[in-house]
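Number of protein chains: 2
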Amino acid sequence: MLTQVPIRSLAAIQSRKPTSDRAAPVRDPLEVFDLMGSPMTYGANEEIYGEDEPAEFVYKVVSGAVRTYKTLTDGRRQIGAFYLPGDIFGLDVGKQHRFCAEAIGKAVVRIVRRSAVVSLAERDCEAARELWTFTARELYRVQEHMLLLVKSAQQRVACFLLEMSERLADANTVELPMSRQDIADYLGLTIETVSRTMSQLVSESAIDLPSSRHIVLRNRGALRHLNA
Amino acid sequence: MLTQVPIRSLAAIQSRKPTSDRAAPVRDPLEVFDLMGSPMTYGANEEIYGEDEPAEFVYKVVSGAVRTYKTLTDGRRQIGAFYLPGDIFGLDVGKQHRFCAEAIGKAVVRIVRRSAVVSLAERDCEAARELWTFTARELYRVQEHMLLLVKSAQQRVACFLLEMSERLADANTVELPMSRQDIADYLGLTIETVSRTMSQLVSESAIDLPSSRHIVLRNRGALRHLNA
DNA sequence: CGGCGGCTTGATCGGTCTCAAGTACGGTGG
DNA sequence: CCACCGTACTTGAGACCGATCAAGCCGCCG
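Those protein sequence lines, which keep their order, are chains X and V.
In short: position in the first sequence from 1, add 28, done, that's this note's numbering.
In short: position in the second sequence from 1, add 28, done, that's this note's numbering.
Below, the structure is given as C-alpha cells:
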C-alpha cells in the first residue's frame, strides 16, 4: 500500500503536466519522466504498489533497484523482474497491476500519471508506437525469463550473472543489489541451491566471490558455455 | 522456410490492400484479416515460419492449431504457445520472429503483410492502440506461462487442462489437438510425467480419459484446487 | 563482546527424469 | 474383414537433481 509521503509530490506532477504539455508537446511518452515526474524515495523493502492495485502511475528508477513479484498460492514468491536505474516499470496495459513492486534497498524513482502517458498516445501515433515498443521489450524479457525457468540450476545462475553484468555494465565486476533470496525467487530455485551453485562456479574458476554481493566474472566464456 | 505456394495468394492480398484502404479505412489492424488475407493450408508438422526468419507476415488461425517453439541449446524443445482458431500469431515487434511456428495437424491460416499492419498504425492512433493491446495480451499470456513453469507437475497439467477447456469452450469435454510430446514441451515436463499425471488425475476422478486426446473434466474444482 | 540476519555447507528426502517394456490405436495391404 | 505394422501413449524401476531440514559461519551494528 502506498504511504502518505508520495501524495505531495504527485500533486506537484499534476500541476506541472499541463504546462509542459502546452509548452513543448512530448512525443516520446517515456520521455515525460525527464520533463515531469518528481523523485520519490522508498526505503528498503518498501512497497511501491500492490498486486491488483489500480495502475494509476508509471515509474522510472533513478537510483537503487526494484523488484516486482507475485505471491503464489503455496506461499512461495516469484519475482517477475528486477528494475535498475533508467528502467521503467508499472506500465501495465490493464487497469490493475499484475505484480507487486517493492524497493530492494533504498531507491529513488520518478512517477508520472498513467493517464498522462496513455492520453498522449491517443493523440500522437508516434507516442503510441513508443508504448507498443516498450511493451514488446517487456514481452521479450518475459520470454527470456520463461526460457530460463526450464534450464538447470547452473544454467539459470550463469544466465542471471551474465544478464546482471550486462545491465550493470561494470566491466567484469558486478555489485548485486539484491539478496540470495531475491535471486532464488527470480530463478525459481531455493536460496541453498543458488548459494551452492555460486560456490561451484567459484571452484570452477568461472567467477570470484570477494563478498556475497560482489561478483567478479572471471570466465564469461565458461558461463556462456554452460548453456551448451 | 516458406514454400512457394503462399506467394501467389500474397500477391492477391497486396493488390487488394489499397482498394480496401481507400474504400473503407480499416481502424482495427487485426480486422484486416477478415477483409484481406487469403486462406493458406498447411499440413501436419509443416513449418509456417522459422526462428530468426524475417517477420514479413502476420497470421490468423482459421482452423486447426499452431505451435510456436524454440529449440534449446541442449536439444530440447520449448513450446511458447498454442494458437487456436481465431488467434493471431507471428506479430513480433522486431524484424525477426523469435520463435518458430508449425501447424500441429492440418491447419488453415489467413496471412497479411506485417508492413500493412504496421503502416496502418502509423496513420491511425486507434490502430496503434489496438496493436499495443494485442502485444499486452501476449505479455499477459507469457507471464502466466512463466508462472506455470515454477509449479509442480500436477499443477502444470491441471492448469493446462483448464486453460484448454476455456479456450476450446466445449463445456466439460476437451478435444486436444496436440500430442503428449507437445504438451510436455509446453509445460517443461517429459512426456512420461504428463502421461503419469493424467492417469493420476483419472484415478482421483478429476478427469475422464475416454481416449488419449479426448478429455472430460469431471471435477473442475479439484483441478483448480491443486493450485493451493 | 554478543546477537542477529544473511549466507554457506552438509545430510537426507522426494519429485521428476531416464531408461525400458508393454499396450492401444489408426492406417495399410492382403 | 482381418493381419500387420508403426506411432503414440502408458506404465514400471531406478537414478539424479534440487528441495528440505539442520548446523555452522561471517559480517555488521549495537
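The beta carbon of each residue, even a glycine, is placed where N, CA and C say it ideally should be.
Find the nearest neighbour of residue i within the set the options, judged by alpha-carbon distance.
i, options, result
"V:TYR87", "V:ILE132, V:GLN183, V:TRP160, V:ILE139", "V:ILE139"
"X:TYR167", "X:SER233, X:ILE243, X:VAL121", "Correcting the residue identity first, residue 167 of chain X is Leu in this sequence and not Tyr. When only C-alpha atoms are compared, the closest one is X:VAL121."
"V:GLY114", "V:ARG184, V:GLY92, V:ALA164", "V:GLY92"
"V:ALA197", "V:SER180, V:ILE243, V:THR101, V:ALA164", "V:ILE243"
"V:SER223", "V:ALA135, V:ALA186, V:LEU190", "V:ALA186"
"V:SER207", "V:ARG184, V:ASN200, V:GLY133, V:THR201", "V:GLY133"
Measuring straight from C-alpha to C-alpha, what distance separates residue i and residue j?
i, j, result
"X:GLY78", "X:ARG142", "16 Å"
"V:THR221", "V:SER231", "15 Å"
"X:LEU175", "V:GLN106", "7 Å"
"X:ALA250", "X:ALA234", "6 Å"
"X:LEU254", "X:GLU203", "22 Å"
"X:ALA72", "X:GLU194", "24 Å"
"V:LEU100", "X:LYS179", "9 Å"
"V:PHE117", "X:LEU177", "23 Å"
"X:PHE188", "X:HIS173", "10 Å"
"X:PRO205", "V:THR69", "51 Å"
"X:LYS123", "X:LEU148", "17 Å"
"X:ARG104", "X:GLU191", "24 Å"
"V:PRO238", "V:ARG184", "21 Å"
"V:ILE76", "X:MET64", "46 Å"
"V:THR31", "X:MET226", "Any answer about V:THR31 is weak, because its pLDDT of 37 lies below 50 and its placement is not dependable; what the coordinates show is given next. Approximately 47 Å between the Cα atoms of the pair."
"V:ALA135", "V:SER66", "13 Å"
"X:ARG241", "V:ASP102", "30 Å"
"V:LEU119", "V:ALA199", "30 Å"
"V:THR201", "X:THR201", "55 Å"
"V:LEU159", "X:LEU159", "10 Å"
Between which two residues does the beta strand (DSSP E) harbouring residue i extend?
i, result
"V:VAL121", "It is not in any beta strand (DSSP E) - V:VAL121 carries neither H nor E in the DSSP assignment."
"V:GLU81", "From DSSP, V:GLU81 is part of no beta strand (DSSP E); its letter is neither H nor E."
"V:THR69", "67-70"
"V:GLU130", "128-131"
"X:LEU237", "235-239"
"V:LEU112", "From DSSP, V:LEU112 is part of no beta strand (DSSP E); its letter is neither H nor E."
"V:ARG141", "135-141"
"X:ARG104", "X:ARG104 -> no beta strand (DSSP E), and no H or E assigned at all."
Locate the alpha helix (DSSP H) running through residue i, then write down its first and last residues.
i, result
"X:GLU220", "219-231"
"V:VAL170", "153-176"
"X:ARG208", "208-215"
"V:LEU251", "248-253"
"V:GLU203", "Run containing V:GLU203: none in the alpha helix (DSSP H); it sits in the beta strand (DSSP E), 201-203."
"X:LEU196", "181-196"
Please say whether residue j and residue i have beta carbons closer to each other than 8 Å?
i, j, result
"X:ASP267", "X:ARG252", "Chain X is shown only over 29 to 256; residue 267 of chain X falls outside these bounds and no answer can be derived."
"X:CYS153", "V:GLU150", "yes"
"V:VAL170", "X:GLN171", "yes"
"V:VAL89", "V:VAL137", "yes"
"V:ILE219", "V:GLN209", "yes"
"X:ALA164", "V:THR161", "no"
"V:ALA156", "X:ARG248", "no"
"X:GLU84", "X:ALA131", "no"
At least three beta-carbon pairs within less than 8 Å, the stretch 121-133 of chain V to the stretch 93-100 of chain V = Under the three-pair Cβ rule at 8 Å, the stretch 121-133 of chain V counts as touching the stretch 93-100 of chain V.
Kindly confirm or deny that the stretch 202-216 of chain X and the stretch 99-115 of chain X touch, where touching means at least three C-beta pairs closer than 8 Å.
-> By the Cβ rule, the stretch 202-216 of chain X counts as touching the stretch 99-115 of chain X, because three or more pairs are nearer than 8 Å.
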